[in-house]
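Read through the structure below, which is laid out as structure tokens, and then see the notes.
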Amino acid sequence: MIRETLAIIGNGMATGRLLDDLLRRDALKRYEIIVFGEEPHGCYNRILLNRVLLGGSTDEITLKPASWYAERGIRLITGDPVVAVSPAAQRLWTQSGGEFFFHRVIFATGSVARLLPVDGITAPNGRWKDGLAVYRTVADCQRIREVALRSKHAVVVGGGLLGLEAAKALADLGLQVTLLHLFDTLMNRQLDRVGSAMLRRAIERMGIRVMTSANTQAILGTQRVEGVLLTNGERIAAELVVVASGIKARIELAKDADIPTNAGILVNDRLESSVPRVYAVGECAEHAGKVYGIVQPLYEQCAVLAAVLMDAESAAYRGSKVYTRLKIVGMDVASMGDIEPQTDQDEVVQIIEERRGIYRKLIIRENRLVGAVLVGDTSLAAALVRRYERADPLPANRLDLFASDDRIGESTAERMICNCHQVSESAIVEAVRGGCRTLPELVTRTGAGTGCGSCQGQLAAVLRQCGSARLSSPAPVVSAFSIESTPHSCEKIHD
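So the sequence shown is numbered by the numbering used here: it starts at 828 and just counts up by one.
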């Protein structure tokens, strides 16, 4: 059987996951797969970039080294980005002049850091000023570290996940760090004001100065960075400025090939563009008006695309109910759906334990969970995600939701327990059934829990619920509390 050539442009986390899904379907019997990566190494975990900034090697965050591709018969071309694609000619060209034929092509080009629309980005020679960097790739982190080791003051622009991790890493390197965020809440897409305030206090305890509602006007200095100027006139001295203020889809290659784009490459429910034999997946794809920038929707897209490529007629991507669970600057954080009530009829149930640094908030609409925020303790995340995804009716006593007895192993979906290393719930259950009896054994067998660490509570829950635990982990205790009525039918519990 003559195999078709399947070209994948991009070698990020979406491609890594897509390859796993294709291999599970024996796709190599049908396709010769060629992966084109712009960076000079295999697929790595962007969530763990701070390890490189702190001096770790790329190997520490690598998900798939070059040897992984070779061992499976997948051709990997690194350090030679694709510069042009012709769907009509079924060919693509790389920067070095290479020309490649394909039967089908997948754009998995991901995203790039969004630059600040401010003055003073470039030096007189037209290049970026020395000491100005974005935080997106391994090379970015290596450049930032080089400048950080000869600097005393740093400014990080952006209070999202990458910005917070960059600020912590620079503080760990001994710099005096100021974190600037345009909005009034950190991680404003995932956290409400209460959750953000808890996170902010944790960051400030690390010695990092946090400024919210801070609008950057200019980068100071001529050849080298000397600081930043805010729109309110305040000047902050710094030898290093790191920009982590958002991302935008990489669509230029597709646009040049006359593939329809908007904010991303436009795709249908089968991840197909309107151009025959051309697909897009991950952060560069726009489906039903949405471009996703977190891991979980990307993995769901990859599962569908792998099925489509193997002629599964019923395979369709219907969009994702987004949820996030991470350990950020050492604090466990999870969120899903709406983080604020959207109607006057929405119910809000909150538990705030200031002493323990724990916050839980649920948004309920028509007796269904439509959103949640968890800070400090995310042990309930998996159970709440199931209720959120399934739209299950909720118990009349809303506080029962905080003592859920949902069983981990009941999920039929390939839900990721460990996003850092792409370890699914079913893989963890299988490891427990295969003999893992302690948390260290489970971590060693699966690799789960060795990234940001936020999933270790769920790993312990799997062990307990499979009846195999040799752990003693006390259940969360809510201190003496009072319940008061607030707008939106809110039940609010404080310690």
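From the three backbone atoms N, C-alpha and C, an ideal C-beta is built for every residue, glycine too.
This one's a predicted model, so the numbers in the text were calculated from it and none came from an experiment.
Looking at L1189 and the ligand GDP, is the gap between the Cβ and the nearest heavy atom below 7 angstroms?
The ligand GDP is absent from the structure shown, which contains no ligand whatsoever.
Give me, in chain order, the residues of the same chain whose beta-carbon lies closer than 8 angstroms to that of G1073; leave out the 5 immediate sequence neighbours on both sides.
Looking up residue 1073 in the sequence shown gives position 246. Excluding positions up to five away in sequence, the list reads A940, R941, G985, G987.
Buried or exposed, going by whether 16 or more other CB atoms sit within 10 Å of the CB of D1085?
In the sequence shown, counting from the first residue as 1, residue 1085 sits at position 258. It is exposed - the Cβ of D1085 has fewer than 16 other Cβ atoms within 10 Å.
Short check: CB of S1147 to CB of E1127, under 8 angstroms?
Here residue 1147 refers to the residue found at position 320 of the sequence shown. Here residue 1127 refers to the residue found at position 300 of the sequence shown. Yes, these two residues count as a Cβ contact at 8 angstroms.
Alpha-carbon to alpha-carbon, R1187 and V1202
As a first step, residue 1202 is located in the sequence shown; it is residue number 375 there, counting from the start. As a first step, residue 1187 is located in the sequence shown; it is residue number 360 there, counting from the start. Spanning the two alpha carbons is a distance of roughly 7 angstroms.
Which residues mark the beginning and the end of the alpha helix (DSSP H) in which A1254 is found?
Start at 1 with the first residue of the sequence shown, and residue 1254 comes out as number 427. Unbroken alpha helix (DSSP H) run through A1254: 1252-1260.
Here's a check: name, in chain order, each residue in its chain whose Cβ is nearer than 7 angstroms to the Cβ of E926, leaving out the five neighbours to either side.
Working through the sequence shown from its first residue, we reach residue 926 at position 99. The residues are R918, W920.
Measure the beta-carbon distance from S1166 to D1019 and round it to whole angstroms, keeping in mind my assumption that it falls under 8 angstroms.
Residue numbering aside, residue 1166 sits at position 339 when the sequence shown is read from its first letter. Residue numbering aside, residue 1019 sits at position 192 when the sequence shown is read from its first letter. Reading off the sequence, residue 1166 comes out as Ile, not Ser. Approximately 5 angstroms separates the beta-carbon atoms of I1166 and D1019; this is inside 8 angstroms, confirming the contact.
With burial defined as no fewer than 16 other Cβ atoms inside 10 Å of the residue's Cβ, what is the status of G869: buried or exposed?
Locating residue 869 in the sequence shown gives position 42, counting from the first residue. By the beta-carbon neighbour count (other beta carbons within 10 angstroms, threshold 16), G869 is buried.
So what does DSSP say about F1010, is it helix, strand or coil?
Indexing the sequence shown from 1 puts residue 1010 at position 183. Coil.
Between A1090 and the rest of its own chain, which residues show a CB-CB distance below 7 angstroms, the 5 nearest in sequence each way excluded?
Indexing the sequence shown from 1 puts residue 1090 at position 263. For A1090, where only same-chain residues beyond five positions count, the Cβ hits under 7 angstroms are A1076, E1113, V1118.
Three-state secondary structure (DSSP) of I1235:
Indexing the sequence shown from 1 puts residue 1235 at position 408. A caution first: I1235 carries a pLDDT of 45, below 50, which makes its placement in the model unreliable, though a value can still be read off. Helix, per DSSP.
Taking C-beta to C-beta, are V983 and G990 nearer than 8 angstroms?
For this step, residue 983 is matched to residue 156 along the sequence shown. For this step, residue 990 is matched to residue 163 along the sequence shown. In this structure, G990 lies closer than 8 angstroms to V983 by Cβ.
What is the DSSP secondary structure of D946, reduced to helix, strand or coil?
Residue mapping note: residue 946 aligns to position 119 of the sequence shown, counting from 1. Of the three classes helix, strand and coil, the one that applies to D946 here is strand, per DSSP.
Using 10 angstroms around the beta-carbon of F928, count the other beta-carbons present and answer buried if the total reaches 16, otherwise exposed.
As a first step, residue 928 is located in the sequence shown; it is residue number 101 there, counting from the start. By the 10 Å Cβ count, F928 comes out exposed.
Cα-Cα separation between L1125 and H1008, rounded to whole angstroms:
Mapped onto the sequence shown, residue 1125 falls at position 298. Mapped onto the sequence shown, residue 1008 falls at position 181. The alpha-carbon atoms of L1125 and H1008 are separated by roughly 26 angstroms.
Please go through the segment 887-937 and give each complete alpha helix (DSSP H) segment of 4 or more residues, from N-terminal end onward.
893-898
Could you check the C-alpha separation between G837 and M1158 for me, to the nearest Å?
In the sequence shown, counting from the first residue as 1, residue 837 sits at position 10. In the sequence shown, counting from the first residue as 1, residue 1158 sits at position 331. Going by the C-alpha atoms only, they are around 32 angstroms apart.
Relative to the C-alpha of N1327, which candidate in V1131, I1185, T1049 has its C-alpha closest?
Outside the displayed span of the chain (828 to 1322) sits residue 1327, for which this structure offers no information.
Smallest Cα separation from L890: which of G1274, A1288, G1284, L1290?
Locating residue 890 in the sequence shown gives position 63, counting from the first residue. Nearest to L890 by alpha-carbon distance, out of G1274, A1288, G1284, L1290, is G1274.
Run the CB neighbour count on E897, radius 10 Å, all protein chains shown included, and call it buried at 16 or more, exposed below.
As a first step, residue 897 must be located in the sequence shown, where it is residue number 70. In the sequence as displayed, the identity of residue 897 is Ala instead of Glu. By the 10 Å Cβ count, A897 comes out exposed.
Excluding the 5 residues flanking I861 on each side, which residues of the same chain have their C-beta closer than 6 angstroms to its C-beta?
Position 34 of the sequence shown holds residue 861. Result list for I861: A834, R902, in chain order.
Can E1066 and H980 be called in contact, C-beta distance under 8 angstroms?
What you label residue 1066 is simply residue 239 of the sequence shown in a count that begins at 1. What you label residue 980 is simply residue 153 of the sequence shown in a count that begins at 1. Yes; because the gap between Cβ atoms is below 8 angstroms, this pair is in contact.
I'd like the list of long-range same chain contacts for S1238, defined as Cβ closer than 7 angstroms, with 5 residues on each side in sequence excluded.
By 1-based counting over the sequence shown, the position of residue 1238 is 411. Caution is warranted here: a pLDDT of 46 is assigned to S1238, below 50, making its placement in the model unreliable, and no coordinate value can be reported.
Run the CB neighbour count on G843, radius 10 Å, all protein chains shown included, and call it buried at 16 or more, exposed below.
Taking the first residue of the sequence shown as position 1, residue 843 is located at position 16. By the 10 Å Cβ count, G843 comes out buried.
Can you tell which of E1110, G1022, N1042 has its C-alpha closest to the C-alpha of I1178?
In the sequence shown, residue 1178 corresponds to position 351, counting from 1. Checked all of E1110, G1022, N1042; the closest Cα to I1178 is G1022.
Report the rounded CA-to-CA distance for E973 versus D999, giving the unit in angstroms.
By one-based count along the sequence shown, residue 973 stands at place 146. By one-based count along the sequence shown, residue 999 stands at place 172. Rounded to the nearest angstrom, the two C-alpha atoms are 15 angstroms apart.
Within the continuous beta strand (DSSP E) that includes L1067, where are the two ends?
Indexing the sequence shown from 1 puts residue 1067 at position 240. Looking at the DSSP string, the run of the beta strand (DSSP E) that includes L1067 is 1067-1070.
Mind checking which residues open and close the beta strand (DSSP E) that includes D999?
As a working mapping, residue 999 is identified with position 172 in the sequence shown. Looking at the DSSP string, D999 is not in any beta strand (DSSP E); the run it does join, the alpha helix (DSSP H), is 988-999.
So what's D847 in DSSP terms, helix, strand or just coil?
To locate residue 847, count along the sequence shown from 1; it is residue 20. Three-state DSSP puts D847 in a helix.
Using 8 angstroms for Cβ pairs, my map puts A935 next to V1108. What's the rounded Cβ distance?
Mapped onto the sequence shown, residue 935 falls at position 108. Mapped onto the sequence shown, residue 1108 falls at position 281. 5 angstroms between Cβ atoms; contact.
Which same chain residues, not among the five before or five after Y962, have their C-beta less than 6 angstroms away from its C-beta?
Position 135 of the sequence shown, counted from the first residue, corresponds to residue 962. The answer, listed in chain order, is L989, A993, V1069, A1071.
Look up Y1186 in the DSSP assignment and give the residues it is bridged to.
Walking along the sequence shown from the start, residue 1186 turns up at place 359. DSSP, once it has assigned bridges, lists I1179, V1202 as partnering Y1186.
According to DSSP, is V1156 helix, strand or coil?
Reading the sequence shown from its first residue, position 329 is the one you call residue 1156. The answer is coil: DSSP assigns V1156 none of H, G, I, E or B.
Give the straight-line distance between the Cα atoms of R1152 and A916, rounded to the nearest whole angstrom.
On the sequence shown, residue 1152 is found 325 positions in, with the first residue counted as 1. On the sequence shown, residue 916 is found 89 positions in, with the first residue counted as 1. When rounded, the distance between both Cα atoms is 43 angstroms.
Same chain, Cβ closer than 6 angstroms to G947, neighbours up to 5 away in sequence not counted
Locating residue 947 in the sequence shown gives position 120, counting from the first residue. Around G947: A1045, I1046.
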